[in-house]
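Working notes, structure below.
There are 2 protein chains.
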Amino acid sequence: MSDYPKFVHISEEGPREGFQIEKGPIPTDEKIRLINSLSNTGLKHIQICSFVNPKRVPGMADAAAVADGIIVNPKIEYSALWFNERGLKQAMAFQHLSVDLKITLYASEHFLISNLNRDFKQHQEKTRELIKFCLEKNIPVTRAGINAAFGCNFEGDVSAENLVQAVDSTLSLAEEFELNIESFSLADSMAWATPLSIKRGVGAVKDKYPDMPIRLHLHNTRGMGIANAYAGLEMGVDRFDSSIAGLGGCPFAKHQGAAGNVSTEDLAFMCSEMGIETGLDLDALIRASNVATKVVGHDTPACVSKGGSLEAIRQRLDVTP
Amino acid sequence: MSDYPKFVHISEEGPREGFQIEKGPIPTDEKIRLINSLSNTGLKHIQICSFVNPKRVPGMADAAAVADGIIVNPKIEYSALWFNERGLKQAMAFQHLSVDLKITLYASEHFLISNLNRDFKQHQEKTRELIKFCLEKNIPVTRAGINAAFGCNFEGDVSAENLVQAVDSTLSLAEEFELNIESFSLADSMAWATPLSIKRGVGAVKDKYPDMPIRLHLHNTRGMGIANAYAGLEMGVDRFDSSIAGLGGCPFAKHQGAAGNVSTEDLAFMCSEMGIETGLDLDALIRASNVATKVVGHDTPACVSKGGSLEAIRQRLDVTP
Numbered sequence: 000m001s002d003y004p005k006f007v008h009i010s011e012e013g014p015r016e017g018f019q020i021e022k023g024p025i026p027t028d029e030k031i032r033l034i035n036s037l038s039n040t041g042l043k044h045i046q047i048c049s050f051v052n053p054k055r056v057p058g059m060a061d062a063a064a065v066a067d068g069i070i071v072n073p074k075i076e077y078s079a080l081w082f083n084e085r086g087l088k089q090a091m092a093f094q095h096l097s098v099d100l101k102i103t104l105y106a107s108e109h110f111l112i113s114n115l116n117r118d119f120k121q122h123q124e125k126t127r128e129l130i131k132f133c134l135e136k137n138i139p140v141t142r143a144g145i146n147a148a149f150g151c152n153f154e155g156d157v158s159a160e161n162l163v164q165a166v167d168s169t170l171s172l173a174e175e176f177e178l179n180i181e182s183f184s185l186a187d188s189m190a191w192a193t194p195l196s197i198k199r200g201v202g203a204v205k206d207k208y209p210d211m212p213i214r215l216h217l218h219n220t221r222g223m224g225i226a227n228a229y230a231g232l233e234m235g236v237d238r239f240d241s242s243i244a245g246l247g248g249c250p251f252a253k254h255q256g257a258a259g260n261v262s263t264e265d266l267a268f269m270c271s272e273m274g275i276e277t278g279l280d281l282d283a284l285i286r287a288s289n290v291a292t293k294v295v296g297h298d299t300p301a302c303v304s305k306g307g308s309l310e311a312i313r314q315r316l317d318v319t320p
Numbered sequence: 000m001s002d003y004p005k006f007v008h009i010s011e012e013g014p015r016e017g018f019q020i021e022k023g024p025i026p027t028d029e030k031i032r033l034i035n036s037l038s039n040t041g042l043k044h045i046q047i048c049s050f051v052n053p054k055r056v057p058g059m060a061d062a063a064a065v066a067d068g069i070i071v072n073p074k075i076e077y078s079a080l081w082f083n084e085r086g087l088k089q090a091m092a093f094q095h096l097s098v099d100l101k102i103t104l105y106a107s108e109h110f111l112i113s114n115l116n117r118d119f120k121q122h123q124e125k126t127r128e129l130i131k132f133c134l135e136k137n138i139p140v141t142r143a144g145i146n147a148a149f150g151c152n153f154e155g156d157v158s159a160e161n162l163v164q165a166v167d168s169t170l171s172l173a174e175e176f177e178l179n180i181e182s183f184s185l186a187d188s189m190a191w192a193t194p195l196s197i198k199r200g201v202g203a204v205k206d207k208y209p210d211m212p213i214r215l216h217l218h219n220t221r222g223m224g225i226a227n228a229y230a231g232l233e234m235g236v237d238r239f240d241s242s243i244a245g246l247g248g249c250p251f252a253k254h255q256g257a258a259g260n261v262s263t264e265d266l267a268f269m270c271s272e273m274g275i276e277t278g279l280d281l282d283a284l285i286r287a288s289n290v291a292t293k294v295v296g297h298d299t300p301a302c303v304s305k306g307g308s309l310e311a312i313r314q315r316l317d318v319t320p
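Sequence lines, in order, name chains B and X.
Using numbering that gives the first Met the number 0, read the first sequence as starting at 0 and increasing by one per residue.
Using numbering that gives the first Met the number 0, read the second sequence as starting at 0 and increasing by one per residue.
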């Protein structure tokens, strides 16, 4: 039990994950209201939008207006998602957006084709071009990751061996350019992971790259989100992406009406109750979650925001654990 | 990873947990429809109703009609919840209801008072009377358990030490009557548990009583249900209560609109994907979950029923893990 990390870094992706999949249209002001609310929770990193093709992701058509409209908390790193030079240039137009390149390969070629309309080889080539472009512009390239790291609706299961191969390819690409990769993200983009496959996959990657910090990006489509995060904690993983109120999902993953990403407040609650620091204010997260639920206009899957924190009960009872 | 049990026994409590808390009224026929659907899923034990005071639990006023109306699958043990001789006699009126006594003590006296209007001493005395009554009638007394085993909205946290004391008291009571207790249930009645407190609590009980099989009854009010079940599996727990579609909650626990019990289909999915047998048909559980959602007339919190099984995708893709 002593292997849990002492501090866990939680990066918020609710605005980006959520608004890309919501039917909408959601007014730009409402999106900004949620991001401003999230800026008062202790979060140090918030991904606020995607600069992508608005024909493919209509919910992100107002990305520039969202980026322009938020109240910037100087303690927070705000970022945007983008896949190509055009998107990168749009993000760079905003001084308050942190811009760096994450080298992202895919464990599933079919998902890559569905998501970005490229095969493995084309994607590697595009990624090389992007790395070159970023290095020329002095844009940091210090992160890397694998999408569909544990399984894929278009290809099936991803074994730990295949996952390690995908990590190898990604790090080889980084080596070509003599890049120093500071953390490596494993994304369960289509919710195939279980605690067991998290342990196997993370374990296999850590066996080969013991000094590489691993980040987990987890979806809750099949209810495994928090259990998978817990399995990650047991493997010493100390950084997670999550989504306020459990907003999100993947627009190309062919789910219908399913739960979204692992929820920020449930993850923060678990950490806090287990004595792991996150720097987050759970009450403020619950308030932001309530804002999120109002903004999207329907019930959201996160639980602590409805069930209430235990700290609130302890305070009322005047007891400490 | 080899400590997981090979087979996990899942007992269904959705009809009882769900209908006791739903605002209703839900027609008796609809309750029966759900139970009949559950009877075709491979479940071996279904708790179908409570024989309790209908003034306190109006959703159980038709318990006898429900018990009378179901199509009995002879492979299934059907049971009912009851707290006193009157309830027991009502249950005994149905030949197809399995009747035994579970000795249940409480880790929290305040919860006991709220739930049954008795203090510790009065409850022990009532339990003694009930044990005597059952033994006279040749009713088996082979199970025991603790409610509010990990924490309580009326008292706060329950430490592993206090949990073990409650287990001690329960087993002393069993010893008074020379009873052979075959399994011991720990109920997280108000969703205070985290994977860490599950490991600590179950670990402490197992340290003192290494040969006693432990059952976990988990609620998902704060989103920890499946993660707590996973922590239980890691501790070798091989029997769980759960609730189809995640129906349920506790009518006296002072939650509002929160998620209910850990869901049967999500738990069965996790076990199956981790190579643990349950004897359950996940597709049939998803069908029963859809029935449950229709019967209660609102969205239910379970995930796999909305996200879909992975086996269905593997079959479509014609791949095996």
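Heads up, the beta-carbon is just placed ideally off N, CA and C, and yes, glycines get one too.
No experiment lies behind these values; they were computed from the predicted model shown.
Our two residues, residue 120(B) and residue 215(B), have alpha carbons roughly 25 angstroms apart in a direct line. Chain-order list of chain X residues neighbouring residue 265(B): 221, 222, 223, by C-beta distance under 8 angstroms. Close partners of residue 235(B) in chain X (Cβ separation under 7 angstroms) are lacking, with about 15 angstroms as the shortest Cβ gap. Here DSSP, grouped into helix, strand and coil, assigns residue 45(B) to strand. Residue 303(B) reaches chain X at 221, 222, counting residues in chain order whose Cβ is nearer than 8 angstroms.
Assignment of residue 151(X) by DSSP, reduced to helix, strand and coil, places it in the strand class.
With contacts defined by Cβ atoms closer than 7 angstroms, residue 242(B) and residue 231(B) do not form a contacting pair. DSSP assignment within the stretch 194-218 of chain B yields the following whole alpha helix (DSSP H) runs of 4 residues or more, N-terminal first: 194-207. Every beta strand (DSSP E) of 3 residues or more that sits fully in the stretch 57-140 of chain X is shown, in chain order, as 76-81, 101-105. Residue environment analysis places residue 171(X) among the exposed positions, since fewer than 16 neighbouring C-beta atoms fall within 10 angstroms of its C-beta. Residue 315(X) counts as exposed, since fewer than 16 other C-beta atoms from the protein chains shown sit within 10 angstroms of its C-beta. The criterion of a C-beta distance shorter than 7 angstroms is satisfied by residue 23(B) and residue 58(B).
Residue pairing from DSSP places residue 145(B) in a beta bridge opposite 104(B), 185(B). Between residue 50(X) and residue 94(X), the gap from beta carbon to beta carbon reaches 7 angstroms or more. Per DSSP, residue 12(B) lies in no beta strand (DSSP E) segment and is marked neither H nor E. Relative to the Cα of residue 74(B), the nearest Cα in the group 262(B), 96(B), 114(B) belongs to 96(B). According to DSSP, residue pairing for residue 276(X) in a beta bridge involves 6(X). A contact is defined here as three or more CB-CB pairs under 8 angstroms, and the stretch 61-68 of chain X fails this definition with respect to the stretch 111-119 of chain X. In this structure, 83(B) is the residue among 108(B), 161(B), 83(B) with its C-alpha nearest to the C-alpha of residue 126(B). For residue 38(X), no alpha helix (DSSP H) segment is defined, and its DSSP state is neither H nor E.
Where residue 315(X) is concerned, the enclosing alpha helix (DSSP H) starts and stops at 309-316. In the structure shown, the three-state DSSP call for residue 286(X) is helix. Sequence-distant Cβ neighbours of residue 44(X) in its own chain, meaning closer than 6 angstroms and more than five residues away, are 10, 76.
Burial state of residue 263(B) is buried, judged by a 10 Å Cβ sphere holding 16 or more other Cβ atoms.
For residue 240(X), the enclosing beta strand (DSSP E) has its first and last residue at 238-241. Contact of residue 195(X) with chain B is assigned, a C-beta pair being separated by under 7 angstroms. Taken atom to atom, the span from the alpha-carbon of residue 175(X) to that of residue 129(X) is near 13 angstroms. Think of a sphere of 8 angstroms around the beta carbon of residue 191(B): the chain X residues whose beta carbon falls inside it are 309, in chain order. The Cβ atoms of residue 245(B) and residue 300(B) sit closer than 7 angstroms to each other. When the beta-carbon positions are compared, residue 283(B) and residue 40(B) come within less than 7 angstroms of each other.
A straight-line Cα-Cα distance of about 10 angstroms links residue 150(X) and residue 186(X). DSSP lists no bridge partner for residue 167(B).
Residue 152(B) belongs to the set of residues whose beta carbon lies under 7 angstroms from a beta carbon in chain X.
Going by C-alpha positions, residue 266(B) is about 8 angstroms away from residue 228(B). In chain order, 107, 109 place their CB closer than 6 angstroms to the CB of residue 154(B), counting only its own chain and leaving out the 5 sequence neighbours on each side. For residue 156(B), DSSP records a beta bridge to 150(B).
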